[in-house]
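In my numbering, the protein residues as written are 17 to 157.
Yeah, the Cβ is synthetic: ideal placement off N, Cα and C, and Gly gets one too.
Keep in mind the model is a prediction, meaning the values are calculated, not measured.
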Amino acid sequence: MRKRNLLLFAACVVLCLSRAGFAQGKTHHIVFAVTSGDESDWKMTVGNIRNLIAGLKPDTTEVEVVAYAQGLGLVKHGSALASEIAGLQENHVRFVACENSMRMQHVEAKDLLLGVEPVPSGVVEVVTKQEQGWSYIKGGR
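Structural data, given as structure tokens:
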């Protein structure tokens with residue numbers, strides 16, 4: 017009887033520990049690259065980010081959107097998705113802008129939406145994130 021109680025106790029401990037580990041979940045790291053100047057691609061990307069975060073709950077997601085080439089328009093003042101971007105930023109989605117693209121398009125940091133951070137190179141940012149184990153998703157079509 018004592019052995020049976022000990023086994024039952026051990027099983028309960030394992031079950032509790034496994035549930036505690038499951039409740040903590042996993043942190044997912046995803047980098048989106050947006051290179052298109054097409055507003056429909058931007059909308060698709062924003063929708064995909066929302067769906068991703070909702071679909072992975074209760075797990076934590078760390079998402080970064082790298083805007084470069086014509087995708088820079090997504091994160092500039094006057095962007096049609098400015099309010100959606102602000103909402104995603106409130107949910108800890110990070111938006112960054114490629115300084116190489118900014119130079120080519122004569123865009124300054126003051127021209128970017130609030131909270132958008134410049135990075136030296138969009139492609140280097142994406143590659144670095146992938147090398148760190150982040151999943152890559154191309155924004156848009």
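TODO: Starting from the C-beta of Val91, find all residues in its chain whose C-beta is less than 6 Å away, skip the five residues before and the five after it, and write them out in chain order.
DONE: On the sequence shown, position 75 is the one that residue 91 refers to. Taken in chain order, the residues that qualify are Ala83, Phe111, Ala113, Leu128, Leu129 and Val132.
Open item on the list: Which of the three DSSP states is assigned to Leu97 in this structure?
Closed with: Indexing the sequence shown from 1 puts residue 97 at position 81. Here Leu97 sits in coil by DSSP.
Task: Cβ shell of Val50 (< 8 Å), same chain only, five flanking positions each side left out - done: Residue mapping note: residue 50 aligns to position 34 of the sequence shown, counting from 1. The residues are Asp57, Trp58, Thr61, Val81, Val82, Ala83, Tyr84, Gly87, Leu90, Gly155 and Gly156.
Task: Cα-Cα separation between Phe48 and Tyr152, rounded to whole angstroms - done: Numbered from 1 along the sequence shown, position 32 holds the residue referred to as residue 48. Numbered from 1 along the sequence shown, position 136 holds the residue referred to as residue 152. Going from the Cα of Phe48 to the Cα of Tyr152 covers about 6 Å.
- [ ] Could you round the C-beta distance between Asn107 and Ile69 to whole angstroms and report it? I think they count as a contact, below 8 Å.
- [x] Here residue 107 refers to the residue found at position 91 of the sequence shown. Here residue 69 refers to the residue found at position 53 of the sequence shown. Between Ile69 and Asn107 the Cβ distance is about 7 Å, and since that is below 8 Å, they are a contact.
TODO: Report the rounded CA-to-CA distance for Pro136 versus Trp150, giving the unit in angstroms.
DONE: If you number the sequence shown from 1, residue 136 lands on position 120. If you number the sequence shown from 1, residue 150 lands on position 134. Whole-angstrom Cα-Cα distance: 19 Å.
Open item on the list: Judging by CA-CA distance, which residue of Lys73, Glu55, Lys145 and Glu147 is the nearest neighbour of Ala98?
Closed with: Working through the sequence shown from its first residue, we reach residue 98 at position 82. Nearest of Lys73, Glu55, Lys145 and Glu147 to Ala98, Cα basis: Glu55.
Open item on the list: I'd like to check one pair, Pro134 with Met118: are the Cβ atoms closer than 8 Å?
Closed with: Position 102 of the sequence shown holds residue 118. Position 118 of the sequence shown holds residue 134. Taking 8 Å as the Cβ cut-off, Met118 and Pro134 qualify as a contacting pair.
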